[in-house]
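Shown next, in structure tokens, is the structure this report addresses.
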Amino acid sequence: MVTMREIARKAGVSVSTVSLVLNGKDSGRVKAGDAVRIRKLAQKMGYKTNPLARSLRTNKTRILGFVSEEVATTPFAGRLILEAQDAASQNGYVMLTVNTDGGSSEKEEIDALKSYGVDGFLYAKMYNRYVHLPQEIRACPAVLVDAMDADGNRVPSISPDEFRIGYDATRRLLEAGCRRIAYIGCSGPMIAEEGRRRGYHQALREAGLTPDPQWEVAVDNDEGDYRTVGDLWDRCEPDGFFCFNDARALYVYLQAARRGLYVGKDVSVIGVDNHQVFAQTLVPRLTTIGLPHYEMGYWAVSKVISLIDPKAGGRIRGRDSREGRKGPFLPLPPLDSASPVRLPCPLIEKGSIVFGGA
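Following this line, the structure appears as structure tokens:
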């Protein structure tokens, strides 16, 4: 193993100078040219930091704990973990992930992470909701991911901008010429449902249209929901549908087929999620709004690192790790943004909106 002493001998400098450079403490203390030369030499010689020695010296393990409620087992929300891992790695941290049931197992999993001496936590939920940060990690640097703080925004949080999702989706249908736009919503009390429905209403009002409860249905995932969407269609004869998510758009496709109508030709449909099963396999492919899982994961890790080490704020590495990764990617908000941070979501055009209106 290459040591700092060997690097110092090769570079013709003191061991303390090499230590300052390789520990990122050289600013204002080591000439810039010497620092660059030492880093290049260390890389060429194959120098590796000793995590155990560093943790003993700094009282920091450079380990992050990711506590998720079913996120780790959800294909699309799993992107959030992927990007969080990238952000951690880019900044010299390791991330340990545990999956909980949101109940009895949560304390045990958090205690297990704390036994490793993690420096900070990311706490994520399967879908956007208000949460109380567990008592076990309230004294630790922590960020809520795809969730919002129920205790007065004392904990930094990041989540999708649900209002803009509803607004942008409805605006897209209006731009396509639709004027009889229905909303296929969710029956549960959710931040996403409330926000997307408000956005839908706002876009209608700005277009001079009055929101009407007759044009809205709340459905879940059972056999009766197919008929509920059919009843709305018979009652209102919409020319456009904004669906709470891509799964609910399936009901619209099925009802269109039952009527001998073609999505993308006779009626326009837009969903939310960019779900690979629904948005990618429905014919025509479903125009949808993607959720910013990558961005939430990357920002959350960057934020918690800045809480662990406030001096690291200006040194946190950005999006260079995203090169070669599938997008689209959105600009990341500043780390000092007031919470709750709400991210815009990309509209992904496919083939389910009628060109020029229905």
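In the numbering used here, the protein residues as written are 15 to 372.
Virtual Cβ for every residue (Gly too), placed ideally from N, Cα, C.
- DSSP places Ile367 outside both helix and strand once states are collapsed to three, so it counts as coil.
- In its chain, beyond the 5 residues on either side, Ala293, Pro298, Arg299, Leu300, Thr301, Thr302 have a beta carbon closer than 8 Å to the beta carbon of Lys364.
- Secondary structure of Pro348 (DSSP, three-state): coil.
- In this structure Gly213 touches Gly180 by the C-beta definition: roughly 3 Å separates them, less than 8 Å.
- For the 7 Å CB-CB criterion, Phe135 and Ala196 do not form a contact.
- Close CB contacts of Leu147 within its chain, under the 8 Å cut and outside five residues either way in sequence, are with Tyr137, Ala156, Leu158, Asp163, Asp165, Val169 (chain order).
- Leu357 sits away from Pro227, with the two beta carbons spaced by 7 Å or more.
- Going by DSSP, Val231 is part of the beta strand (DSSP E) stretching over 230–233.
- With distances taken between CA atoms, Leu55 lies nearest to Ala25 out of Thr31, Gly79, Ala25.
- Rounded to whole angstroms, Lys128 and Asp350 show a C-alpha spacing of 27 Å.
- Taking 7 Å as the cut-off, the Cβ atoms of Val231 and Leu246 count as close.
- Annotation: the continuous alpha helix (DSSP H) that includes Gly213 extends over 205–220.
- Taking all protein chains in view, the Cβ of Thr17 is surrounded by fewer than 16 other Cβ atoms within 10 Å, so the residue is classified as exposed.
- Between Arg178 and Pro252, the C-beta gap is not smaller than 7 Å, which leaves the two residues out of contact.
- In the DSSP assignment, Met59 falls within the unbroken alpha helix (DSSP H) covering 46–59.
- Apart from sequence neighbours up to five positions away, the residues of its chain that approach Val355 with a beta-carbon distance below 6 Å are Ile172, Pro347, ordered along the chain.
- The way I'd put it, the stretch 271–290 doesn't touch the stretch 314–323; fewer than three beta-carbon pairs between them come closer than 8 Å.
- By the neighbour-count definition (other C-beta atoms within 10 Å, threshold 16), Gly199 is a buried residue.
- Boundaries of the beta strand (DSSP E) around Leu78: 77–83.
- Going by C-alpha positions, Thr111 is about 46 Å away from Ala221.
- Spanning the alpha carbons of Val281 and Tyr240 requires a straight line of approximately 17 Å.
- In the structure shown, the three-state DSSP call for Pro174 is strand.
- Of the residues Val318, Gly311, Ser353, Ile362, the one whose Cα lies closest to the Cα of Leu96 is Gly311.
- Val291 carries a coil assignment under DSSP once its states are collapsed to helix, strand and coil.
- Apart from sequence neighbours up to five positions away, the residues of its chain that approach Arg185 with a beta-carbon distance below 6 Å are Ala217, ordered along the chain.
- Bridge partners of Cys200 according to DSSP: Val233.
- Boundaries of the beta strand (DSSP E) harbouring Gly254: 254–257, taken from the DSSP string.
- Per DSSP, reduced to three states, the secondary structure at Ala156 is strand.
- Taking each of Leu344, Asp287, Ala352 in turn and checking the Cα distance to Gly92, the smallest one comes out for Asp287.
- Counting only the Cα atoms, Ser316 lies some 29 Å from Ser30.
- Shown here, Ser320 sits in a helix according to DSSP, grouped into three states.
- Around the C-beta of Met109, 16 or more other C-beta atoms lie within 10 Å, and the residue is accordingly described as buried.
- Annotation: the continuous beta strand (DSSP E) that includes Ile303 extends over 301–304.
- The DSSP-derived three-state label of Val32 is helix.
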